[in-house]
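Novice: Take a look at the following structure, please.
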Amino acid sequence: MSLLKDKIELDVGLAELRTKQTLDSFPKTLRWILIVSLLAAIPAYYLARSASERYWTSVYQKNYSLNAKPSFTNPQDPKRSSVSMVSYGNNAYGAALQITNPNIDLSLAEADYKFSFKNAKGQEVYSETGKLFLLPNDQKYVVVPRFTSPDVPAQAEFTFIAPLRWQKKASIPTVDLQASQPNTYNQVLPPAFVAEGNYYNNSPYQLKQVRLTFVVFNSQSQIVGVSRRDDFTVAPYERRSYKQLWPGIFSQPGDQLKIFTETNTLDPANLSLPQQASSTASDLSRPTANPNR
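If you read the sequence shown in my numbering, its first letter stands for residue 3, the second for the next number, and so on.
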């Protein structure tokens, strides 16, 4: 080992001696030019490296960079009809409004709204707040089922009370809610207009909430009655029945009831896929408990 080390040191010394002899053989001017060139090569290398890095970085940013851009601009505001007022008698009233989303690829997962009702003097006699959602190219009725006021509401306003947060989703789950044709009749004791029917959740999703909106039209297509109903924990492929009453009023010949079913498919917490229980014939896992214990 010591012989190898001595040999390496000898070779290095010989190389240094030969280099010195070669330099000494050069003219003095050439020798200094060579030394200065060797010393200048180090900063020249770092300068060239820095200039090259700046150049190619600018080229890549100009031609190949990925810049974040908004997925949409200038969404259209929802279109709203005028508020239709309904009188049930005995200082009881209701209201309905149709709202349309003109954006074919934008949705609203949640929007806060307010109904405000004022008398002939402009004084507010009743108000109601709520939340709604809008699917792309969606249209729905928003209703105030029933409220009481000693003064006749002469004005009704519907406003969004918070900024609308539009979203452009790549995909939205589809839930098919099928409502049957309801059976309607006038009940005598107590007096009321009654609608009985059912709807079917034709999807594999368990639904946390389903809303049914009822709108009654007369023969002139005017709204004469409204109501709504919320059902909870609707199982996949479940058929759910309902019975809806409008106390104190009777339907007239030519009246027509329309039912609108909806569930918020924009809310992940509203949809769930229940696990299918496997049969004992196909379950090869170990039992979790001793059935004979």
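Cβ atoms here follow ideal geometry from the backbone N, Cα and C, with glycine treated the same way.
Compute the minimum distance between the beta carbon of Pro193 and the heavy atoms of the ligand MG, and state whether it is under 6 Å.
Specialist: Questions concerning the ligand MG fall outside what the structure shown contains, since it holds no ligand whatsoever.
Novice: Which of the three DSSP states, helix, strand or coil, is assigned to Leu134?
Specialist: Leu134: strand per DSSP, three-state reduction.
Novice: So if DSSP puts Gln183 in a beta bridge, which residue, or which two residues, is it bridged to?
Specialist: Partner(s): none; Gln183 has no beta bridge.
Novice: State the CB to CB distance for the pair Tyr143 and Thr215, rounded to an integer number of angstroms; the pair is presumed to be in contact (CB under 8 Å).
Specialist: That belief holds up - the Cβ atoms of Tyr143 and Thr215 are roughly 5 Å apart, short of 8 Å.
Novice: Give the secondary structure of Ala98 by DSSP, where H, G and I count as helix, E and B as strand, and everything else as coil.
Specialist: It is a strand residue.
Novice: Hey, Trp168 and Asn266 are a contact pair by Cβ (cut 8 Å); roughly how many whole angstroms apart?
Specialist: Going by Cβ atoms, the distance from Trp168 to Asn266 rounds to 16 Å, so no, they are not a contact pair.
Novice: Going by the DSSP bridge assignment, what does Tyr143 pair with across the sheet?
Specialist: BP columns for Tyr143 point to Gln100.
Novice: When DSSP builds the beta bridges, which residues end up paired with Phe195?
Specialist: Phe195 pairs with Asn188, Trp248.
Novice: Quick test of your reading: Leu273 and Tyr207, contact by CB under 8 Å. State the CB separation rounded to the nearest angstrom.
Specialist: The Cβ separation is near 5 Å, so the contact holds.
Novice: By Cβ distance, which residues of its chain are closer than 7 Å to Asp79, with the 5 residues on each side in sequence left out?
Specialist: Taken in chain order, the list of residues that qualify is empty.
Novice: Please report how far the alpha carbon of Ser86 lies from the alpha carbon of Pro192, in whole angstroms.
Specialist: When rounded, the distance between both Cα atoms is 27 Å.
Novice: Inspect the CB distances between the stretch 84-103 and the stretch 145-160 and report whether three or more fall short of 8 Å.
Specialist: Touching, yes, given that three or more Cβ pairs across the two stretches are closer than 8 Å.
Novice: Taking just the CA atoms, how far does Asn203 sit from Arg241?
Specialist: Using only the alpha carbons, I get a separation of about 6 Å.
Novice: Does Ala197 pass the burial test, meaning 16 or more other C-beta atoms within 10 Å, or should it be called exposed?
Specialist: Ala197 is buried by the Cβ-count criterion.
Novice: Let me make sure I understand the geometry here. Which of Gln125, Gly256, Lys260, Pro276 has the alpha-carbon closest to that of Ala237?
Specialist: When each option's Cα is compared against that of Ala237, the closest is Pro276.
Novice: From Gln258, Trp248, Leu110, Tyr62, pick the residue whose C-alpha is nearest to that of Gln306; which is it?
Specialist: Nothing about residue 306 can be read from this structure; the chain reaches only from 3 to 295.
Novice: Let me check understanding here. Comparing Cα to Cα, which of Thr263, Ile225, Ser118 lies closest to Pro155?
Specialist: Looking at the Cα atoms, Ser118 is the closest of the given residues.
Novice: Would you be able to state if there are at least three C-beta pairs under 8 Å between the stretch 181-192 and the stretch 249-256?
Specialist: Judged by Cβ distances under 8 Å, the stretch 249-256 makes contact with the stretch 181-192, as three or more pairs qualify.
Novice: With 16 as the cutoff for other CB atoms within 10 Å, does Asn292 come out buried or exposed?
Specialist: Residue placement at Asn292 is flagged as unreliable, the pLDDT there being 47, under the threshold of 50; the coordinate-derived value follows with that caveat. Exposed, since its Cβ has fewer than 16 Cβ neighbours within 10 Å.
Novice: Going by the DSSP bridge assignment, what does Ala158 pair with across the sheet?
Specialist: Paired residues: Phe119.
Novice: From the DSSP output, which residues share a beta bridge with Glu264?
Specialist: For Glu264, which the question treats as bridged, DSSP gives the partners Arg213.
Novice: Determine the DSSP secondary structure at Ser129, reduced to helix, strand or coil.
Specialist: The answer is strand: DSSP assigns Ser129 an E or B state.
Novice: For Pro165 and Glu112, what's the separation of their Cα atoms in angstroms?
Specialist: Their backbone Cα atoms lie some 10 Å apart in a straight line.
Novice: Alpha carbon to alpha carbon, how far is Leu209 from Phe234? Give it in angstroms, no decimals.
Specialist: Rounded to whole angstroms, Phe234 to Leu209 spans 7 Å at the Cα level.
Novice: Note down, in chain order, each residue of its chain lying with its Cβ closer than 7 Å to the Cβ of Pro138, except the 5 sequence neighbours on either side.
Specialist: Same-chain partners within the cutoff: Asn103, Asn105, Ile106, Asp107, Leu108, Ser109.
Novice: Give a yes or no on whether 7 Å exceeds the smallest Cβ distance from Ser52 to chain D.
Specialist: Looking for chain D here will not work: only one protein chain is present.
Novice: Could you please give the first and the last residue of the uninterrupted beta strand (DSSP E) stretch that includes Ile225?
Specialist: Where Ile225 is concerned, the enclosing beta strand (DSSP E) stretches over 225-236.
Novice: Of all the options Arg230, Thr75, Lys170, which has the alpha carbon lying nearest to the alpha carbon of Asp136?
Specialist: For clarity, residue 136 is Leu in the given sequence; the question names Asp instead. If we check each option's Cα against that of Leu136, Lys170 comes out closest.
Novice: Classify Tyr201 as helix, strand or coil using the three-state DSSP reduction.
Specialist: The answer is strand: DSSP assigns Tyr201 an E or B state.
Novice: Taking the DSSP output, what are the residues bridged to Ala164?
Specialist: Per DSSP, none; premise fails for Ala164.
Novice: Between which residues of its own chain and Pro255 is the CB-CB distance below 8 Å, once the five residues before and five after are set aside?
Specialist: For Pro255, where only same-chain residues beyond five positions count, the Cβ hits under 8 Å are Ser221.
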